[in-house]
Amino acid sequence: MLQNLSRDAALTQSDDRRFMALALTLGRRGLGRTWPNPAVGAVIVKDGVIVGRGWTQPGGRPHAEIEAIRRAGAAARGATLYVTLEPCSHHGKSPPCADAVIAAGLSRVVSALEDPNPEVAGMGHARLRAAGISVDVGIGAEEARRDHAGHIRRMREGRPQVMLKLAVSADGKAGAAGRRPLAITGEAVRERVHLLRAESDAVMVGIGTVLADDPLLTCRLPGMAACSPVRIVLDSALRLPLASRLVCSARETPVWVVASSAASSEAAAALQARGVEILRAKVSGGRLDLGDMLTLLAARGITRLMVEGGPTLAAAFVAADLVDEANLFQSSTLVGAAGIDALEGLPLTALTQSPRLDCIAREPIGVDMLAVFERR
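Going from the sequence shown to this note's numbering is simple: count from 1 and add 111.
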């Protein structure tokens, strides 16, 4: 629900939605690169003209509001700020954005969402109002909740937002007989998957996928290598080969391995000597505890986790009800009954007909189809 719907006579509600849409688009530029901070977008408008734009910079600062104010300069005085998340009100590694908004002389702030961070949680809006600035909250809220889902999940539940990616054949298979890798989808899907990696803080696979495929897991779209996420391997016994492509590239793009406390200290030391970071998680039922692992990742700042493989890991996340989003890429190829099921030990309907997930979109990706699911 919109709050405080006062506005400058020159700006209509349609204008507000339009400028907030731009702020949301700008904020998405930072997805995957601003953690542990949210990827916020900001636009400053004066007399109907955009005088400043900003988005959270890599590493999480400067914040979007600071960037927009810097670019607007003196034109910010008396203007309206559109921002996709409440300006912060606490001293972190930088001063509060709310103070910068007040100092810049902005007369109105249109904010999509209140920040769930308990260090902010409405106090930024309150500080602005106390300074005589008109504050409207709620325009673009639905889109902002999607864009900031990782930040919201980390603040409220202490874990990252989990997005599961699956590529399946027409008969629900993810690989050939004998667990041999198989190119199921086409080039357009591969490009989309690289974009999803770029928009994620981290991408995760199980050790089985590494041993079978020796993946690199970077973003290989032209000019976007620097947007590659942290690469995480669930490897309870530390079987990750030192000659794997992940280990060999660990000093260029971070690799984290999640192991059990019982895993060999010698194997851990050998991996660490090559730049791999080792995290130790609890074991439950003979397997790494996914909930504990997600808590560890959130504590290290990860807000958006992409789970990319393979069938055992995907099934474990589905069974544990830890999938918040899913991108299901499906081809028209038939693999046959001997192929590997997309979800180990579970029917694909455990995902596609889950009472916890809704299919919110379908679209063709080249010759394949994409279905997008989202937690209710």
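Just so you know, even glycine gets a beta-carbon here, dropped at the ideal spot from N, CA and C.
Compute the Euclidean distance between the alpha carbons of ASP435 and LEU468, then round it to the nearest angstrom. 8 Å
When you compare only the Cα positions, how much space is there between PRO227 and ASP127? Those two C-alpha atoms are separated by around 23 Å.
Per-residue DSSP class, three states only, for CYS208: Three-state DSSP puts CYS208 in a helix.
Hey, out of GLY283, ALA150, VAL483, THR320, whose CA is closest to PRO458's CA? GLY283
Comparing C-alpha positions only, which one of ARG350, VAL162, ARG362 sits nearest to VAL341? ARG362
Leaving out five residues on either side along the sequence, give the residues of the same chain with a beta carbon under 6 Å from the beta carbon of ILE476. ALA299, VAL300, ARG303
For the candidate residues LEU390, ASP258, ALA380, whose alpha-carbon lies nearest to that of TRP367? Looking at the Cα atoms, LEU390 is the closest of the given residues.
VAL478, buried or exposed, once every other Cβ within 10 Å from all chains shown has been counted against 16: exposed
Between the C-alpha atoms of PRO292 and ARG181, what's the straight-line distance to the nearest angstrom? 50 Å
Whose C-alpha, out of GLY170, VAL418, GLY251, ALA278, is nearest the C-alpha of ALA313? Residue VAL418 holds the alpha-carbon nearest to the alpha-carbon of ALA313 among GLY170, VAL418, GLY251, ALA278.
Given this structure, state the Cα-to-Cα distance separating ARG118 from LEU405, to the nearest angstrom. Because the pLDDT of ARG118 is 48, which lies under 50, any placement of that residue in the model is unreliable, and the number read from its coordinates should be weighed accordingly. Straight-line Cα distance between these residues: approximately 42 Å.
Where ALA461 sits in the DSSP three-state scheme: helix
How many Å lie between VAL160 and VAL151 at the Cα? 21 Å
Enumerate, from N- to C-terminal direction, the unbroken alpha helix (DSSP H) stretches of 4 or more residues contained entirely within the segment 269-351. 298-309, 318-324
DSSP-derived helix/strand/coil call for ARG129: helix
Given 8 Å, three or more beta-carbon pairs between the segment 439-455 and the segment 267-287: yes
Could you pull out every unbroken alpha helix (DSSP H) segment of at least 4 residues lying fully inside the segment 127-207, listed in chain order? 175-183
For LEU116, which residues in the same chain have their Cβ closer than 7 Å to its Cβ, ignoring the five residues on either side in sequence? Residue confidence for LEU116 is low, a pLDDT of 42 falling below 50, so the modelled location carries little weight; the figure read from the coordinates is stated next. Cβ neighbours of LEU116 beyond the five flanking positions: ASP247.
Residues near CYS338 in its chain [Cβ-Cβ closer than 7 Å; skip 5 each side]: Once the five neighbours on either side are set aside, the close Cβ partners of CYS338 are GLY143, ARG144, ALA309, CYS330.
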